[in-house]
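For reference, the structure is listed below as structure tokens.
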Amino acid sequence: MNMTKNYAAALSFGVLTAFAAPAAGAAEEQYIIDRESSERTSLTHHENIEELPNLGLAIHTPAAGEAPAPGSEKSVARYTDFFFDDHEDHFFNDEYFEHQWSHEFMDMPSIWEAALTDTEPVTVAVIDSGIDTEHNDLQNRLADGAYNAIDDSDDVTDLTGHGTQVAGIIAAEADNNFGIAGIAGTSPVEILPVKVSEDSGSSSSATMLRGVDYALEHDADIINISLGAPTFSDAEAIAMERAADDGALVVASSGNEGDTAPFYPASHDGVIAVGSHAEDGTLSNFSTHHDQVDIVAPGEELVTTHIQNDFVIATGTSFAAPVFAGFSALLLQNHEELTYTDVQQAALDHGQFQEQTTDLEAGPFSRLDAGRLWESVTYDPWDNGETAEVDSDHTWTITFSEPPAIDDPADVIEIAGSDGEPVENLEMALDGNEIHITAPPAGYNEDERYRLYVNDEITNEAGEPLPDGVYQIFQVK
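Counted the way mature numbering (1 follows the signal peptide of the UniProt record, and there is no 0) counts, the sequence shown spans residues -20 to -1, 1 to 457.
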């Protein structure tokens, strides 16, 4: 099978540069109205009003000579990235899995082994250029209700391949002796195709919001948006926050401009903005690295599905975002109680903090650590065997095989109550290969259970790991 290498950027004199937005066609101008603002609800004298009830917005398409509705905002351009095709052929057998470096990098096999496979499906809406619904690796992964937000139909034919590539990274069917495995593995994750991009790759904020509203109407758990532009939209910002408030996890690509300029919708509140890193873990030189980027994920040389039942190797933040979206689907599939805020905070708390060492003018960034993030939301400390009984003023001693390389024990050790809140006023002292933890002055409460947690990232001076992680439940006897 022919596999071509595609990039969400173009090579010019050896420099990786992002494509500019494609030229828009002669489409009708549209304006977006915030229905929930008291200043913007009087539309009595206007026709051609389309309601987006799940977002509290409306779209006004003025007739010839008609003024836009008062307080409305003009729809702005949004686009997917074009691709550079270097015509380099790769001839693989059906075992494309071995070429999916991101799975090993993220330790996905261990996570798949622990993931549930018999629960209700998690639905991921792919707001993009459509999907090849007959692709052998995707046809069994599609939710009912595919939607074309451009012409209000169910035709989601993908002529560019972008949406098909995004969908494959999330949920290409695994273990079917064909093609690749999506991040979702064999867990029940479904793709809701929502086409918002023209065949040229161009879209608009109005069309995109129509697609997001549809995704919310059809109970999408996660919304992946691998498109955008540097232009800010107030209506879009309102919509993203309302989508998050509605319970949806919105994930978007941070952009391929390679600079620090904001990129929307990724930079809006309520959206998890995902940048790209390379196979060696360093920030991709095309990845936009503004302050609103929450996490970076694998985004270079990713084997994924393509139109006409084919496969490609894709690069860009457009493909890092679905890596995170697919992993988030696994989290939600195992823990449906998690919210947008839970996942975002867990990703930030348990990412691998990296100092950039390339020539990029980029500061430190947080890289997705799938194993730590998975453990942080799946481990139940109260199911850890027997509960130890101690005196209220008990001093704990943690002994390592050799001195740990830490500055402050409080960075790697925590004692928390049954409400999850850390115990305050503990004294921790490092003494050679031991750490002593003294009870708070008032002692531990007799009516409460506590959890002692020792981080499994502790190393010796040579950087070699020491513990496998320690969890101890205790209460006052």
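Yeah, the Cβ is synthetic: ideal placement off N, Cα and C, and Gly gets one too.
Residue i: buried (16+ other C-beta within 10 angstroms of its C-beta) or exposed?
{"i": "I150", "result": "buried"}
{"i": "T379", "result": "exposed"}
{"i": "E178", "result": "buried"}
{"i": "T262", "result": "buried"}
{"i": "K175", "result": "buried"}
{"i": "D373", "result": "exposed"}
{"i": "H315", "result": "exposed"}
{"i": "F236", "result": "Reading the sequence as shown, one finds Asn at residue 236 and not Phe. Its Cβ being crowded by 16 or more others within 10 Å, N236 is buried."}
{"i": "G162", "result": "buried"}
{"i": "E53", "result": "buried"}
{"i": "T103", "result": "buried"}
{"i": "A422", "result": "exposed"}
{"i": "G443", "result": "exposed"}
{"i": "E280", "result": "buried"}
{"i": "E414", "result": "exposed"}
{"i": "T337", "result": "Any reading at T337 is ruled out, since the residue's pLDDT is 43, under 50, leaving its predicted position unreliable."}
{"i": "I438", "result": "buried"}
{"i": "E153", "result": "buried"}
{"i": "V283", "result": "buried"}
{"i": "A224", "result": "buried"}
{"i": "A305", "result": "buried"}
{"i": "A409", "result": "exposed"}
{"i": "T268", "result": "buried"}
Where do the ends of the beta strand (DSSP E) carrying residue i lie?
{"i": "F345", "result": "F345 to R347"}
{"i": "N314", "result": "Per DSSP, N314 belongs to no beta strand (DSSP E); it is in the alpha helix (DSSP H), T297 to N314."}
{"i": "V230", "result": "L229 to S233"}
{"i": "L432", "result": "R429 to V434"}
{"i": "A38", "result": "L37 to H40"}
{"i": "T377", "result": "W376 to T379"}
{"i": "residue 459", "result": "In the structure as shown, the chain starts at -20 and stops at 457, and residue 459 therefore has no counterpart that could be examined."}
{"i": "I163", "result": "It is not in any beta strand (DSSP E) - I163 carries neither H nor E in the DSSP assignment."}
{"i": "H416", "result": "E414 to T418"}
{"i": "N204", "result": "I202 to I205"}
{"i": "L172", "result": "V169 to K175"}
{"i": "L32", "result": "I29 to L32"}
{"i": "H286", "result": "L282 to H286"}
{"i": "Y11", "result": "Y11 to D14"}
Measure from the alpha carbon of residue i to the alpha carbon of each residue in the options, then state which is nearest.
{"i": "A232", "options": "F299, G181 and H286", "result": "F299"}
{"i": "H248", "options": "I13, A277 and I218", "result": "I218"}
{"i": "residue 458", "options": "A57, S256, M86 and D14", "result": "Look at the range of the chain in this structure, -20 to 457, and you will see that residue 458 is not part of it."}
{"i": "T113", "options": "V102, Y127 and E394", "result": "Y127"}
{"i": "D226", "options": "H198, Q332 and F307", "result": "H198"}
{"i": "T418", "options": "D399, G51 and I393", "result": "I393"}
{"i": "D349", "options": "E27, M86 and G51", "result": "M86"}
{"i": "S133", "options": "V146, Y194, S90 and A152", "result": "Y194"}
{"i": "T137", "options": "I275, E426 and N289", "result": "N289"}
{"i": "D388", "options": "V403, T375, G306 and E407", "result": "E407"}
{"i": "D135", "options": "G110, Q119, F158 and L122", "result": "G110"}
{"i": "P383", "options": "N116, T377, S398 and D411", "result": "D411"}
{"i": "A277", "options": "S234, D427 and Q313", "result": "S234"}
{"i": "D371", "options": "L312, A409, Q313 and V456", "result": "V456"}
{"i": "V254", "options": "I91, H142 and G296", "result": "G296"}
{"i": "G148", "options": "D124, N425 and V303", "result": "V303"}
{"i": "V146", "options": "L432, F77, A94 and A294", "result": "A294"}
{"i": "S82", "options": "R429, D391, N157 and G351", "result": "G351"}
Check whether the Cβ atoms of residue i and residue j lie closer than 8 Å to each other.
{"i": "A38", "j": "E30", "result": "yes"}
{"i": "V273", "j": "V251", "result": "no"}
{"i": "T144", "j": "T321", "result": "no"}
{"i": "L310", "j": "S167", "result": "yes"}
{"i": "A326", "j": "L353", "result": "yes"}
{"i": "D108", "j": "L207", "result": "yes"}
{"i": "S346", "j": "L328", "result": "yes"}
{"i": "I453", "j": "T375", "result": "no"}
{"i": "A129", "j": "R222", "result": "no"}
{"i": "S356", "j": "H330", "result": "yes"}
{"i": "V434", "j": "P420", "result": "no"}
{"i": "I12", "j": "V106", "result": "no"}
{"i": "I202", "j": "A186", "result": "no"}
{"i": "Q10", "j": "T41", "result": "yes"}
{"i": "N204", "j": "G238", "result": "no"}
{"i": "residue 501", "j": "G159", "result": "Here the chain comprises residues numbered -20 to 457, so residue 501 is not present and cannot be evaluated."}
{"i": "T140", "j": "Q313", "result": "no"}
What residue range is occupied by the uninterrupted alpha helix (DSSP H) comprising residue i?
{"i": "R190", "result": "S185 to E197"}
{"i": "G148", "result": "H142 to A151"}
{"i": "L410", "result": "L410 -> not in any alpha helix (DSSP H); beta strand (DSSP E) instead, spanning E407 to D411."}
{"i": "V276", "result": "First-last for V276: V273 to P278, but that is the beta strand (DSSP E), not the alpha helix (DSSP H)."}
{"i": "A327", "result": "Y320 to D329"}
{"i": "E216", "result": "D214 to D225"}
Measure from the C-beta of residue i to each C-beta in chain D and report whether the shortest distance is under 8 Å.
{"i": "L282", "result": "Of the protein chains in the structure, only one exists, and it is not chain D."}
Quiz item: For the region 67 to 121, which segments carrying the alpha helix (DSSP H) assignment without a break, of at least 4 residues, lie completely within its bounds, in sequence order?
Solution: Complete alpha helix (DSSP H) runs here, min 4: 81 to 85 and 88 to 94.
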